[in-house]
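Engineer:
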Amino acid sequence: MSAGAALACLLAAAPAPLPADGDPVPLGHFMTYLEDKEATFTAEDVQARRAAFRHWADDQPRFGFTRSAYWLRVTLRGDTRDRDTLLELTYPLHDEVLLHASTPDGPERVQRSGLAVPFAQREIPDPHLLFPVHVPAGVDVDLLMRVRSQSALLLAARLWDREAFARYQHHNRFWKGLLYGVLLAAVLYSLAVWWTVRDPSHTWFVGFLSAVMLLEASLDGTAYEYLWPGTPWLARHSIPFFVALTALGALVFTRSFMTTAVTAPRHDRWLLGVMALDSVVLPLSLVMDYLWAVRSSVALGVLSLAAATLTALECRRRHVVFAGVFLLALGVLFGGVAAAVVGPFFSIPSSPLTEHGLQVGSAVVALMFTMGLGQRLSAAERATREAQQALNRRLEEQVAARTVELEQKNRELADLNVRKDALVATVSHDFRSPLATIRQNVQTLLRDLGIMDEADARQFLEAIGRQEARLTAMCTNLLDLARLRGRALARQRVDLVQVARSILDTVEPRARAAGVSVALHTAQDVPHVLGEGERLEQLLQNLVDNALRFTPRGGRVDVHVEHADGKALLRVADTGCGIPHQHLGQLFEPFFQVPSQSHAGQGSGLGLAIVAAVAQAHGGRVDVDSAEGRGTTFRVEIPAA
């Protein structure tokens, strides 16, 4: 008996039936297994350990991550006719699988496949691990498999009729193509949107989705078939690399999509910390031991998804737009990743969920995020449009307000123009009158100089002197008004109480001669002010002169020096004739005189204008309270030093 036949007899077990009606036959219940902890056994070594083989409890043998090699045996029961079948290992990420197929009377056939074998050397060029097995009519075929891998050992095996597998593979490729088509469409759509609006979120979404596509292609073997078929090392290490890259892309996209630096600053710092870990693990996953690389990347992927989920929850709590959609999409993606990657890590049984969870989840996530980005873009456009409309409304309101202001300014300018003309006329009149008097008196003197007696000549000369003094006073006041509006003051500390006493001492004789009583009232601790003492004396002198001029015999003028709210206060009150209400607004304009009182005292009309200018130059203000028949009160406020 040949060695192959002896091995078949030694390892005989309950035979598995051949597939019928196009459905595959799961081989898990028909398999026994033997662990080779040192991965040193040969097929001959297994003969001596036949009693060590154990039956597996369910349909899907699985051993998680291990450095051991495992031997599995199963017998295929012959049919009434020759059958060409395919043995499929549904998990495509094993490093090396050796299949020994033998019959009682035939030679042993050995086939080799897995990630450690260049793709071109596979007997059947397919991402799945496929082994053709010919079962002669009426003959049992014994299969012995040796499996070793740095990835998780998921040894679910199925036996297919070749024609049935071709039909299954046709549908499987269709759905896989549809999945990648959805992902690619989402990538192209996001690129087109990014090209239009240059929103960074679309850029990061493209990167994240591309990482997901490459991870899926690595997990299902498509990447090994089409991208790096001659590089077994990369076929293994691409999985932890793209797990870490997908995690990093998810975090970057989360920060951009949710603007976490603004909406959730504390969680944003967490995301940055996990991103830093991702950035370290990403390059290391290509050089470190595969077992540690995949464990590190999977753990970091779970941590990244958890951080993104917590951030989305916080944004949802703060009512951030689209946080709910983002959270739901992350949940779907988390479930898919857990099914496809975490499941094998914890030896979860193989199922459609574990086999296709990531593909379905990523397709759903791509659609949800694409819709979310579109809605976000629509919302941004709507917000921009509303902001533009609001801005237009504000601009229209501002234009209307400015138009009203301009109309008001135009009216004020027109009024100022009228007042300027009136001022010029007033100045011309006020200067022309004394000049006419002077000219007339000079002409009289020149004509009658020889016949005019000394008394008459003196009278004419005194009249000329009075008019000259009046002109000089007006010129002086005009110059003072111009200086006050055109230069800064030479400031020093001034005691207003002393200024008031000096002024009242000066006017006391004139007031007594006019029959008007004058009194000074001062408060305690009146603060000094910063300013020019000469100008402050001029201010108070003008107010007191004005009060004396319009107060009749028997009347009274009171000067008050007080303080309040950090300001020094001057009040000059008289019991004179008062000022009509309609003229109060013009009282401080140059050359303005109340029409009914313009004859009184022959003033120049510049005194109160100087008062207002002095007060403003000292950072203060002046106001007046008056009514006809009940006197006038001027009130000046000046900030304390």
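With our numbering applied, the sequence shown corresponds to residues 15 to 655, in that order. Glycine is no exception: its CB is placed at the ideal position from the N, C-alpha and C atoms.
Check glutamate 49 in the structure and name its three-state DSSP category.
Structural biologist: strand
Engineer: Rounded C-beta distance between leucine 259 and leucine 296? I'm assuming under 8 Å.
Structural biologist: 6 Å
Engineer: Report the rounded CA-to-CA distance for serine 165 versus arginine 76, giving the unit in angstroms.
Structural biologist: 12 Å
Engineer: Less than 8 Å between C-beta atoms, sequence neighbours within five positions excluded: which residues of the same chain meet that for histidine 108?
Structural biologist: The answer, listed in chain order, is Gly128, Leu129, Leu143, Val161, Arg162, Ser163, Ser165, Leu167.
Engineer: Using the C-alpha atoms, what's the distance from glutamate 395 back to valine 201?
Structural biologist: 21 Å
Engineer: Could you give the residue range of the alpha helix (DSSP H) that holds tryptophan 247?
Structural biologist: 246 to 272
Engineer: Using a Cβ-Cβ cut-off of 7 Å (strictly less than) and excluding sequence neighbours within five positions of threonine 565, which residues of its own chain qualify?
Structural biologist: Val530, Val571, Asp588, Thr589, Gly590
Engineer: Helix, strand or coil for glycine 621 per DSSP?
Structural biologist: Three-state DSSP puts glycine 621 in a helix.
Engineer: Measuring CA to CA, which of Gly263, Glu58, Gly42, Arg172 is closest to leucine 103?
Structural biologist: Arg172
Engineer: Which residues does DSSP list as the beta-bridge partners of glutamine 506?
Structural biologist: Gly545
Engineer: As an exercise, report each continuous beta strand (DSSP E) stretch of at least 3 residues that is fully enclosed by the region 135 to 219, in chain order.
Structural biologist: 143 to 149, 155 to 162, 166 to 168, 171 to 175
Engineer: Contact between the region 505 to 518 and the region 551 to 569: three or more CB pairs below 8 Å?
Structural biologist: yes
Engineer: I'd like the list of long-range same chain contacts for phenylalanine 664, defined as Cβ closer than 7 Å, with 5 residues on each side in sequence excluded.
Structural biologist: The structure shown has nothing for residue 664, since the chain only spans 15 to 655.
Engineer: Determine the direct distance from the alpha carbon of alanine 533 to that of alanine 641, and round the result to whole angstroms.
Structural biologist: 22 Å
Engineer: Using alpha carbons as the reference points, say which of Val508, Arg399, Ala450 lies closest to glutamate 482.
Structural biologist: Ala450
Engineer: To the nearest angstrom, how far is the alpha carbon of leucine 298 from that of alanine 307?
Structural biologist: 7 Å
Engineer: Using the Cα positions of phenylalanine 690 and glutamine 457, report the straight-line distance between them to the nearest angstrom.
Structural biologist: As displayed, the chain neither begins before 15 nor continues past 655, which places residue 690 out of reach and without an answer.
Engineer: Please report the distance separating the alpha-carbon of histidine 114 from that of tyrosine 47.
Structural biologist: 14 Å
Engineer: Enumerate in chain order the residues of its own chain whose CB-to-CB distance from alanine 264 is below 7 Å, with the five nearest sequence positions on each side excluded.
Structural biologist: Phe222, Ser318, Leu319, Ala322
Engineer: Does the distance from the C-beta atom of leucine 327 to that of leucine 341 stay below 8 Å?
Structural biologist: yes
Engineer: Apart from the five residues on each side of it in sequence, which residues of its chain come closer than 6 Å, Cβ to Cβ, to tyrosine 240?
Structural biologist: none
Engineer: How should serine 612 be labelled, buried or exposed, when 16 other C-beta atoms within 10 angstroms of its C-beta is the threshold for buried?
Structural biologist: Low confidence applies to serine 612: its pLDDT is 46, below 50, so where it sits in the model is not reliable enough to give any reading.
Engineer: If you run the structure through DSSP and keep just helix, strand and coil, what is histidine 613?
Structural biologist: Note that histidine 613 scores a pLDDT of 42, beneath 50, so its modelled location is shaky; the value from the coordinates is reported in the next line. The answer is coil: DSSP assigns histidine 613 none of H, G, I, E or B.
Engineer: Which residue comes first and which comes last in the alpha helix (DSSP H) that contains tyrosine 240?
Structural biologist: 236 to 240
Engineer: Just the C-alpha distance for arginine 176 and proline 146, rounded to the nearest angstrom, thanks.
Structural biologist: 9 Å
Engineer: Here's the rule I'm using: 16 or more other beta-carbon atoms within 10 Å means buried, otherwise exposed. How should tryptophan 247 be labelled?
Structural biologist: exposed
Engineer: Under 8 Å, do serine 156 and threonine 89 count as touching if we go by C-beta distance?
Structural biologist: A small fix is needed here, since residue 156 is aspartate in this sequence, not serine. The criterion of a C-beta distance shorter than 8 Å is satisfied by aspartate 156 and threonine 89.
Engineer: For the beta strand (DSSP E) containing proline 653, list its first residue and its last residue.
Structural biologist: Unbroken beta strand (DSSP E) run through proline 653: 646 to 653.
Engineer: Write down the C-beta distance between methionine 45 and arginine 87 rounded to the nearest angstrom, noting that I regard them as a contact closer than 8 Å.
Structural biologist: 7 Å
Engineer: Helix, strand or coil: which one does DSSP assign to phenylalanine 79?
Structural biologist: Strand at phenylalanine 79.
Engineer: Which value, in whole angstroms, describes the spacing of the CA atoms of glycine 36 and threonine 99?
Structural biologist: The alpha-carbon atoms of glycine 36 and threonine 99 are separated by roughly 11 Å.
Engineer: Check glutamine 538 in the structure and name its three-state DSSP category.
Structural biologist: coil
Engineer: Would you report the Cα separation of leucine 584 and valine 650, rounded to the nearest angstrom?
Structural biologist: 5 Å
Engineer: Less than 8 Å between the beta carbons of leucine 197 and methionine 227, yes or no?
Structural biologist: yes
Engineer: Using a Cβ-Cβ cut-off of 6 Å (strictly less than) and excluding sequence neighbours within five positions of serine 361, which residues of its own chain qualify?
Structural biologist: In this predicted model, serine 361 has a pLDDT of only 49, less than 50, meaning its place in the structure is not dependable enough to derive any value.
Engineer: Compare the C-alpha of phenylalanine 602 against each of Ala629, Thr417, Ala582, Ala578 and name the closest.
Structural biologist: Ala629
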